[in-house]
Amino acid sequence: MNIFAPIGRAVLNFLAAAGRLGIFTGRAVGHCVRPPIYWSLLFKQMFRVGWLSLPVVGMTAFFTGGVLALQIYIGSSRYGAEGFVPQVVALGICRELGPVIAGLMFAGRVAAAIAAEIGTMRVTEQIDALTTLATNPFKYLVAPRVLAAVITMPILVAIADAIGILGGYTVSTQSLGFNGYVYLENSVNFLTNQDVSSGLIKAAVFGFIVALMGCYHGFNSKGGAQGVGAATTDAVTSSMILILAANYILTSLLFET
Amino acid sequence: MADGAPKVELRGVKKRFGPKVVLDGVNLSIGKGESLVVIGGSGTGKSVMIKSVLGILHPEAGQIFVDGEEVTHLSGRGRDEYLKKFAMLFQGAALFDSLSVWENVAFGLVQGRGMNRKDARGIAIDKLGKVGLGPDVAKLYPSELSGGMQKRVGLARAIASDPEIIFFDEPTTGLDPIMADVINDLIVSTVKDLGVTALSITHDMVSARKISDRIAMLYKGKIIWDGPTDRIDETGNEYVDQFINGRAEGPIKMEVRA
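Chains as they are written, first to last, in the working numbering: chain A, 2 to 258; chain B, 11 to 268.
Structure (structure tokens):
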């Protein structure tokens, strides 16, 4: 038995998968930027993907901001630097935790929903039916979802940033003895445009990753209920991993400017 | 278009998935206005053959002609144009469950051809009437319909855009014998009234005899017999005999793997 065979097979499988994903991504982007755009489908998806994600994203942001304030207080009080809580909370939320936590929640909700819906359409031949009705499935299914996620994610993260800072504010003023006015003034004056915009750029990229993974795994699901279940799981886990990897890359790129 | 050329023709079409050869050089032609049924056991590649003609799957070798023009490697706009000649009734009807019945029937008109919704709705209700469904069904959703009713809606959707060629994928599978006969009658009348060319795949011999002018049998990726429907009982081909009489004993062995 040749010991190189399994390694070679794994490498080939990996390259084939990367190629398939690359082609899929190219087609998806092509249909997002080339007219016609189905506006009614886009607005419907923005509602489903964006608006309906607000409660989940808002709640996680609130608790994250609160716990951040507590932890930073514990750490900074060892150096007598408790006064920096508002600045560090604002920076941490806007640059890092707002986009990442919102992205992960978005992955759990949206990648799963897209993969399950498109996967079911695949196994019940509804996607083939689209083709026979002279409708391109990329135009009709993929483009509206990807565009909706890329548009709504930065808005969601902007809201999550505000709610996260509010979480830190609530904890700091209620249990850590901060003055509310001073807290807000310190947060706002400290933040730069770049702190906020870098988070929003990340958000758009994360939105793209989530919708793309949902569509890709849904499109490639096979078999019946089990196949759709596997596609949903793959969509969520792969989008979470890609979000965290992209987060590192984006942070190191945006760090320079 | 060359007159007398077959409506659809497959020449040496080969398709495999990994090591498994599904189509091993299929030659088949369908004349204009003809109803051809391809019979064959489950997993013999009947669906793969249809999907290759529709360009949903791409064969590795061979050529496919529609109206004498090669369409094997068409993509983009050229493919959209030739696909407008086709319609398909899917095995599970494949109705869009997020859309109502009339929106399903009108889908190809609204999305594919840019017709406005009001006109498309009128046509949809007219087509529903042609398959024996009243306007009251139009507002329902596919999940509210029985399997037979879904098939009828699927047929209405297939004929909505006045296609030249209709594919029927296992049109009677999963239906009770009476509903199966209703669907068979609808297929026969649709083909006759609209003058369309029909290609059906089935393993239901009652249905095959009723809806076809000609029958071809697909076995191990090849067409092993092809002839008029009234000669199906005297082919002298032991594979065909075993299949049409539904005998477990014979040259055809059931394959375990799909």
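Just so you know, even glycine gets a beta-carbon here, dropped at the ideal spot from N, CA and C. From a predicted model like this one, the values you see are computed outputs, not experimental measurements.
Worksheet item: Cβ of residue 193/B less than 8 Å from any chain A Cβ?
Response: Residue contact with chain A for residue 193/B: absent (no Cβ-Cβ distance below 8 Å to any residue of chain A).
Worksheet item: In three-state DSSP terms, what is residue 99/B?
Response: Strand, per DSSP.
Worksheet entry | Interface residues of chain B facing residue 125/A [CB-CB closer than 7 Å] | In chain order, 102 and 104 make up the part of chain B whose C-beta sits under 7 Å from the C-beta of residue 125/A.
Discussion item. Give me the residue from 121/A, 15/A and 48/A with the minimum Cα distance to residue 221/A.
Written reply: Looking at the Cα atoms, 121/A is the closest of the given residues.
Fill in: C-alpha gap between residue 59/A and residue 164/A, whole angstroms
Roughly 6 Å separates the two Cα atoms.
Worksheet item: Helix, strand or coil: which one does DSSP assign to residue 76/B?
Response: DSSP places residue 76/B in the strand class (E or B) of the three-state scheme.
Worksheet item: Rounded to the nearest angstrom, how far is the Cβ of residue 94/B from that of residue 130/A, given a contact under 8 Å?
Response: The distance from the Cβ of residue 94/B to that of residue 130/A is about 15 Å, inconsistent with a contact at the 8 Å cut-off.
Worksheet entry | Close beta carbons around residue 149/B, own chain, < 8 Å, minus the five adjacent residues each side | Closer than 8 Å at the Cβ level, and outside the excluded window around residue 149/B, lie 110, 111 and 112.
Worksheet item: The beta strand (DSSP E) with residue 26/B in it runs from where to where?
Response: Residue 26/B: member of the beta strand (DSSP E) spanning 18-27, first to last residue.
Item to complete: Name the two residues that bound the continuous alpha helix (DSSP H) containing residue 163/B.
Response: Where residue 163/B is concerned, the enclosing alpha helix (DSSP H) starts and stops at 157-170.
Worksheet item: For the candidate residues 55/B, 67/B, 76/B and 48/B, whose alpha-carbon lies nearest to that of residue 42/B?
Response: Answer by Cα proximity: 76/B.
Discussion item. So for residue 225/B, helix, strand or coil by DSSP?
Written reply: In the structure shown, residue 225/B sits in a strand (DSSP, three-state: E or B).
Worksheet item: Sorted by chain position, which residues of the same chain lie with C-beta nearer than 6 Å to residue 170/A's C-beta, five sequence neighbours on each side aside?
Response: Closer than 6 Å at the Cβ level, and outside the excluded window around residue 170/A, lie 184.
Fill in: Residue of 172/B, 192/B and 61/B minimising C-alpha distance to residue 161/B
Out of 172/B, 192/B and 61/B, 192/B has the C-alpha closest to the C-alpha of residue 161/B.
Worksheet item: Would you say the region 244-252 of chain A touches the region 192-209 of chain A, given that touching needs at least three Cβ pairs under 8 Å?
Response: Enough Cβ pairs lie closer than 8 Å, so yes.
Worksheet item: Where do the ends of the alpha helix (DSSP H) carrying residue 85/A lie?
Response: Neither: residue 85/A is in no alpha helix (DSSP H) and is coded neither H nor E.
Item to complete: In angstroms with no decimal places, state the Cα-to-Cα distance between residue 262/B and residue 152/A.
Response: Near 57 Å, if we compare the C-alpha coordinates of residue 152/A and residue 262/B.
Worksheet item: Which of helix, strand or coil does DSSP assign to residue 13/B?
Response: Note that residue 13/B scores 49 on pLDDT, short of 50, meaning its location in the model is unreliable and no value can be drawn from it.
Discussion item. Quick check: is the beta carbon of residue 150/B nearer than 8 Å to any beta carbon in chain A?
Written reply: Output row for residue 150/B: interface = no.
Discussion item. With a threshold of 7 Å on Cβ separation, who are the neighbours of residue 28/A within its own chain once the five nearest residues in sequence on each side are excluded?
Written reply: In its chain, beyond the 5 residues on either side, 139 have a beta carbon closer than 7 Å to the beta carbon of residue 28/A.
Item to complete: Note down, in chain order, each residue of its chain lying with its Cβ closer than 8 Å to the Cβ of residue 171/B, except the 5 sequence neighbours on either side.
Response: Answer for residue 171/B: 94, 97, 118, 119, 122 and 123, listed in chain order.
Worksheet item: What are the residues that DSSP puts in a beta bridge with residue 40/B?
Response: Per the DSSP secondary-structure output, residue 40/B pairs in a beta bridge with 18/B.
Worksheet entry | Residue range of the alpha helix (DSSP H) that includes residue 52/A | Residue 52/A -> no alpha helix (DSSP H), and no H or E assigned at all.
Fill in: Amino acids of chain A, ordered along the chain, whose beta-carbon sits closer than 9 Å to that of residue 118/B
Within chain A, the residues near residue 118/B are 133, 134, 135 and 136.
Fill in: Proximal residues of chain B, C-beta to C-beta of residue 141/A below 8 Å
What residue 141/A touches in chain B, judged by beta-carbon distance under 8 Å, is 121, going in chain order.
Discussion item. So with CB distances below 9 Å, who are the chain B contacts of residue 129/A?
Written reply: Simply 61, 64, 66, 98, 100 and 104.
Discussion item. Please tell me whether residue 11/B has its Cβ less than 8 Å away from any Cβ of chain A.
Written reply: The pLDDT assigned to residue 11/B is 38, lower than 50, so where the model puts this residue is not dependable; a value taken from the coordinates is nonetheless given after this. No - not a single Cβ of chain A is within 8 Å of the one on residue 11/B.
Worksheet item: For residue 121/B, is the beta carbon positioned less than 7 Å from some heavy atom of the ligand FAD?
Response: You won't find the ligand FAD in this model; it holds no ligand whatsoever.
Discussion item. Less than 8 Å between the beta carbons of residue 215/A and residue 123/A, yes or no?
Written reply: No, Cβ-Cβ distance for residue 215/A and residue 123/A is not below 8 Å.
Worksheet item: For residue 238/B, which beta-bridge partners are listed by DSSP?
Response: Beta-bridge analysis with DSSP links residue 238/B to 224/B.
Discussion item. Whole angstroms are fine: how far does the CA of residue 213/A sit from the CA of residue 141/A?
Written reply: One Cα belongs to residue 141/A, the other to residue 213/A, and the distance between them is close to 14 Å.
Worksheet item: Any Cβ of chain A within less than 8 Å of the Cβ of residue 172/B?
Response: Chain A contact via Cβ: absent.
Fill in: Interface flag, residue 93/B vs chain A, CB-CB below 8 Å
Interface annotation, residue 93/B: in contact with chain A, CB-CB separation under 8 Å.
Worksheet item: For residue 175/B, which residues does DSSP report across the bridge?
Response: Beta-bridge pairing links residue 175/B to 96/B and 207/B.
Discussion item. Does chain A have any CB closer than 8 Å to the CB of residue 146/B?
Written reply: Not one chain A Cβ lies under 8 Å of residue 146/B.
Practice prompt. Return helix, strand or coil for residue 107/B, following the three-state DSSP convention.
Written response: Residue 107/B: coil per DSSP, three-state reduction.
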